[in-house]
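Visitor:
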Amino acid sequence: MSTAPSHAGKRSSTLQGGRLPKWAPYAIAAGSLALGIGISAAAGLSSSIQWALIAAILYILGTYVVAAKVENRRQAKDRVVTSLVWVAFLLAVVPLASLVWSTVQRGTKVLDGYFLSHSMGVVADSETGGGIYHAILGTLEQVGLATLIAAPIGVLTAIYLVEYGRGSLARAVTFFVDVMTGIPSIVAGLFILSIMLMFEMEPFGFAGSLALAILMMPVVVRSTEEMLKLVPNELREASLALGVPKWRTILKVVLPTSLGGITTGIMLSIARIAGETAPVLLLVFGSKFINSNPFEGAQASLPLYIYQQYGSGEAAAYDRAWAASLTLIAFIMILNLVARGLARWKAPKTGR
Amino acid sequence: MAKRIDVSGLNAYYGSFLAIEDISMTVEPRSVTAFIGPSGCGKSTFLRTLNRMHEVTPGGRVEGKVMLDDENLYGTGIDPVAVRREVGMVFQRPNPFPTMSVYDNVAAGLRLNGSYKKSQLDDVVEKSLKGANLWNEVKDRLNKPGSGLSGGQQQRLCIARAIAVEPKVLLMDEPCSALDPISTLAIEDLIGELKERFTIVIVTHNMQQAARVSDRTAFFNLAAVGQPGKLIEIDDTERIFSNPSVQATEDYISGRFG
Ligand SMILES: Nc1ncnc2c1ncn2[C@@H]1O[C@H](COP(=O)(O)OP(=O)(O)O)[C@@H](O)[C@H]1O
Ligand SMILES: [Mg+2]
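Printed below as a string of structure tokens:
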């Protein structure tokens, strides 16, 4: 629809075009939602997934048709792609939100101070009462020890790879880190278990820490590597040109610059291993009692507690499993938030 | 204080690629020497051989001799870290340490080398910032991040950082190419002052700048891409710009080049 210059109508400017009002997308969304529900009701479809899908398709089609009519083809495509992104976003968020929602709903039933500060010592699975103090303690100790092992080794490996690594040794280390990233957690557990069996040892917390450290190390190496690579080479050169030795340059310039990112990576890898069940099941075994010594005797841990409580099939145990899940999610969420806070706080400031 | 540089028969490689070939020249103490020449002819590479920064690049390798007064920088038993304390460097893009304040940036050289007395530090920082003509602009914000300054101020901060460790020689690789004309003038003035105390070598793409600030000018060129860069001639700046002895120099300066 080209407008001749002589045709001095409303559309005299070639830069102006039709524009949908701001509320249009919402109106289309509401319309397609209503239509989607209507169609499902008429066709007797009961599943909420079905009407949501119908509504989503209607929304995208409606957007295209309306935008193509009022605006133009390019705008219409733009709007369709925008809506596709939104639909994808919702598809990703809905399960997450519903998971958090149902965990909170079911988890808060028995979650209180008593639950957090008592063990399952004398409580049978079928009884109410009891708590997860022993499991929290076990998780904190096992994960803490695993971090103490994996974080320094991982960070130092990454420093080697980025700052010093050349040639075949570096390639070999990279290869093994890649392989380790893919190790299933049960295999890491079996590996430690085979060593334990050789020495005829009973399950204990630190054995679990070792397996968790194996799982955590490659994640720390990878994330730290990425962070170190983000440090501009110019900063290293500026420091070296001042006559600062390489190791001091790494310690005082490179690491501080990337500290926020490295800490975030470690926090996220902690979050990743805090939910591991398989190696803990094999190596730490689980216990109803408070055992604060990770180097001797079976211990509990949160994911293992959830697994065992849920597996027992009793109503009271279900409630406890949900409450423990909520605790675990909260723990991981807090770790994530702390990681983000640290990253923001430690990020190099521009202050302009 | 300032020292003489005497280069003879210097080759520099990146892996097996010969980037600059057979360079010999003398740089007098307390003078400004400008390096000019087309991009890729090896000015930066040569500059970085003068404080052993070239070997920081993977594959970087140097043959030949660089005498700093009477010591060969590439002699046996020479510690590159010690060399870099004597021969400071300012880079093309201002690169203050982003985690450090203005004060800490200037103090970085001394602090990171661990060779300072706490009581001296304030004096050194003030003296260096004054030396870099930056003191008045930052004296009220010494504890603010160095990366919060303007580009020109950041570059002068980097100069202050470099002179705080009292080097004998100061190398500058296109220090003004990322700056506006006002900041460029400020740095050119500064170079005029600094040459009282240091031997200065500056790479520049700006002919007027070379003519304004330098006593001697060296022209580098390369026969073709992939060929090593060579020193064509070095002479008093006045002569290079009025009556150079090599035709290629005149062509380059008058813009009749490539
Ligand atoms: N890090 C590097 N690795 C390999 N070759 C390089 C590197 N840096 C520079 N070179 C090459 O060395 C030559 C000289 O480069 P350079 O010293 O940067 O020139 P100039 O500073 O005069 O523009 C060029 O051919 C360039 O491609
Ligand atoms: Mg250069």
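Chains as they are written, first to last, in full-length UniProt numbering: chain B, 1 to 352; chain V, 1 to 258.
The C-beta atom is built at its ideal place from N, Cα and C for all residues, glycine as well.
Source: prediction; values computed, not measured.
1. Using the Cα positions of B:I136 and B:A92, report the straight-line distance between them to the nearest angstrom.
2. What is the rounded straight-line gap between the Cα of B:I60 and the Cα of B:V80?
3. Would you mind working out which of B:L337, B:G313, B:F191, B:F331 sits nearest B:S126, comparing C-alpha positions?
4. Could you list the residues in the stretch 257-283 of chain B with a C-beta less than 9 Å from some C-beta on chain V, going in chain order?
5. Quick check on this structure: which residue in B:N72, B:A97, B:R106 has the alpha carbon closest to the alpha carbon of B:Y318?
6. Report the three-state DSSP secondary structure of B:S2 (helix, strand or coil).
7. DSSP on V:S24, reduced to helix/strand/coil?
8. On the premise that V:D173 lies in contact with V:F91, defined as a C-beta separation below 8 Å, what is that separation, rounded to the nearest angstrom?
9. Report the start-end ranges of each beta strand (DSSP E) in the stretch 107-144 of chain V that is 3 residues or longer and not cut off at the edges.
10. By the three-class DSSP mapping on this structure, what secondary structure does V:D235 have?
11. Chain B beta carbons: is any one of them nearer than 8 Å to that of V:M53?
12. Can you name the residues of chain B whose CB is closer than 7 Å to the CB of V:M89?
13. Is residue 319 of chain V near ligand 2, with its Cβ less than 7 Å from a heavy atom?
14. Any residue with its C-beta under 5 Å from a non-hydrogen atom of ligand 1 counts. Can you list them all in chain order?
15. Quick one: grab the DSSP three-state call for V:Y13.
16. Report yes if the C-beta distance between B:A213 and B:G189 is below 8 Å; otherwise report no.
17. Between the stretch 158-171 of chain B and the stretch 213-226 of chain B, are three or more C-beta pairs nearer than 8 Å?
18. Going by beta-carbon coordinates alone, are B:M216 and B:A146 separated by less than 8 Å?
19. Find the nearest neighbour of B:I54 within the set B:G31, B:G243, B:K346, judged by alpha-carbon distance.
20. Pop quiz: V:N105 and V:G146 are said to be a contact at Cβ under 8 Å. What is the actual Cβ separation, rounded to whole angstroms?
21. Where in the stretch 241-296 of chain B do unbroken runs of the alpha helix (DSSP H), each at least 4 residues long, occur, reported from the N-terminal end onward?
22. Could you check the C-alpha separation between B:K346 and V:R30 for me, to the nearest Å?
23. Apart from the five residues on each side of it in sequence, which residues of its chain come closer than 6 Å, Cβ to Cβ, to B:V280?
24. Closer than 8 Å, CB to CB, is B:E237 near chain V or not?
25. State yes or no: is the C-beta of V:D173 nearer than 7 Å to some heavy atom of ligand 2?
26. So what does V:F219 bridge to, in DSSP terms?
27. Between which two residues does the alpha helix (DSSP H) holding B:T327 run?
28. Give a yes or no on whether 8 Å exceeds the smallest Cβ distance from B:V253 to chain V.
29. Using beta carbons (cut-off 8 Å, strictly below), is V:L112 in contact with chain B?
30. For B:Q142 versus B:V284, is the C-beta distance shorter than 8 Å?
31. List in chain order: all unbroken alpha helix (DSSP H) runs of 4+ residues lying wholly within the stretch 66-107 of chain V.
32. Going by other Cβ atoms of all chains shown within 10 Å of its Cβ, with 16 needed for buried, is V:P94 buried or exposed?
33. Is the Cβ of B:R248 closer than 8 Å to any Cβ of chain V?
34. Just the chain V side, please: which residues come within less than 7 Å of B:E225 by C-beta, in chain order?
35. Starting from the N-terminal side, write out each stretch of the beta strand (DSSP E) that is 3 residues or longer and does not extend beyond the stretch 154-230 of chain V.
36. Using a C-beta to C-beta distance shorter than 8 Å, which residues of chain V count as neighbours of B:E234?
Guide: So, from the listed chains and residues:
1. Here residue 136 of chain B is taken as the residue at index 136 of the first sequence, counted from 1. Here residue 92 of chain B is taken as the residue at index 92 of the first sequence, counted from 1. B:I136 and B:A92: Cα-Cα distance of roughly 30 Å.
2. Position 60 of the first sequence holds residue 60 of chain B. Position 80 of the first sequence holds residue 80 of chain B. When rounded, the distance between both Cα atoms is 6 Å.
3. Position 126 of the first sequence, counted from the first residue, corresponds to residue 126 of chain B. Selected option, being the one with the closest Cα: B:G313.
4. T257, L259
5. Your numbering for residue 318 of chain B matches position 318 in the first sequence. Restricting attention to B:N72, B:A97, B:R106, the CA atom closest to the CA of B:Y318 is found in B:R106.
6. Within the first sequence, residue 2 of chain B is the residue found at index 2, counting from 1. Bear in mind that the predicted position of B:S2 carries a pLDDT of just 47, short of 50, making it unreliable; the figure below should be weighed with that in mind. If DSSP states are grouped into helix, strand and coil, B:S2 belongs with coil.
7. Residue 24 of chain V sits at position 24 when you count from the first residue of the second sequence. Of the three classes helix, strand and coil, the one that applies to V:S24 here is strand, per DSSP.
8. The residue given as residue 91 of chain V occupies position 91 in the second sequence. The residue given as residue 173 of chain V occupies position 173 in the second sequence. Right, the Cβ-Cβ distance comes to about 6 Å (below 8 Å), so this counts as a contact.
9. none
10. Translated into the one-based positions of the second sequence, residue 235 of chain V becomes position 235. It is a strand residue.
11. Walking along the second sequence from the start, residue 53 of chain V turns up at place 53. Yes, because at least one Cβ of chain B sits closer than 8 Å to the Cβ of V:M53.
12. Within the second sequence, residue 89 of chain V is the residue found at index 89, counting from 1. Ordered by position in chain B, the residues that pass the 7 Å Cβ test against V:M89 are A241.
13. Because residue 319 of chain V is not part of the residues shown, which for chain V are 1 to 258, the question remains open.
14. V:Y14, V:A19, V:S39, V:G40, V:C41, V:G42, V:K43, V:S44, V:T45, V:T57
15. On the second sequence, residue 13 of chain V is found 13 positions in, with the first residue counted as 1. Three-state DSSP puts V:Y13 in a strand.
16. The residue you call residue 213 of chain B lines up with position 213 of the first sequence. The residue you call residue 189 of chain B lines up with position 189 of the first sequence. Going by C-beta atoms, B:A213 is not nearer than 8 Å to B:G189.
17. In short, these stretches touch, since the Cβ pair count reaches three.
18. In the first sequence, residue 216 of chain B corresponds to position 216, counting from 1. In the first sequence, residue 146 of chain B corresponds to position 146, counting from 1. Yes, these two residues count as a Cβ contact at 8 Å.
19. Position 54 of the first sequence, counting from 1, holds the residue named residue 54 of chain B. It is B:G31 whose Cα lies nearest to the Cα of B:I54.
20. One-based indexing of the second sequence puts residue 105 of chain V at position 105. One-based indexing of the second sequence puts residue 146 of chain V at position 146. Indeed, because the Cβ distance is near 4 Å, the residues count as touching under 8 Å.
21. 246-249, 255-274, 278-283
22. As a working note, residue 346 of chain B is residue 346 in the first sequence. As a working note, residue 30 of chain V is residue 30 in the second sequence. If you take the alpha carbons of B:K346 and V:R30, they lie about 42 Å apart.
23. Position 280 of the first sequence, counted from the start, is the residue given in the question as residue 280 of chain B. G208, S301, L304.
24. In the first sequence, counting from the first residue as 1, residue 237 of chain B sits at position 237. Judged by the 8 Å Cβ criterion, B:E237 is in contact with chain V.
25. Residue numbering aside, residue 173 of chain V sits at position 173 when the second sequence is read from its first letter. Result yes, Cβ under 7 Å from ligand 2.
26. For the purposes of this step, residue 219 of chain V is taken as the residue at position 219 of the second sequence. Paired residues: V:I36, V:E233.
27. Along the first sequence, read from residue 1 onward, the residue named residue 327 of chain B stands at position 327. Counting along the chain, the alpha helix (DSSP H) containing B:T327 begins and ends at 315-346.
28. As a first step, residue 253 of chain B must be located in the first sequence, where it is residue number 253. It does; some Cβ of chain V falls within 8 Å.
29. As a first step, residue 112 of chain V is located in the second sequence; it is residue number 112 there, counting from the start. At least one chain B Cβ lies under 8 Å of V:L112.
30. As a working note, residue 142 of chain B is residue 142 in the first sequence. As a working note, residue 284 of chain B is residue 284 in the first sequence. Their beta carbons are under 8 Å apart, which means B:Q142 touches B:V284 by this criterion.
31. 80-86
32. Reading the second sequence from its first residue, position 94 is the one you call residue 94 of chain V. Taking a 10 Å sphere around the C-beta of V:P94, we find 16 or more other C-beta atoms and assign the residue as buried.
33. On the first sequence, position 248 is the one that residue 248 of chain B refers to. Closer than 8 Å: yes.
34. On the first sequence, residue 225 of chain B is found 225 positions in, with the first residue counted as 1. Neighbours of B:E225 on chain V: none; closest Cβ ~17 Å, over 7 Å.
35. Segments of the beta strand (DSSP E) lying fully in the stretch 154-230 of chain V: 169-173, 199-203, 216-222.
36. Mapped onto the first sequence, residue 234 of chain B falls at position 234. In chain order: F91, R93, N95.
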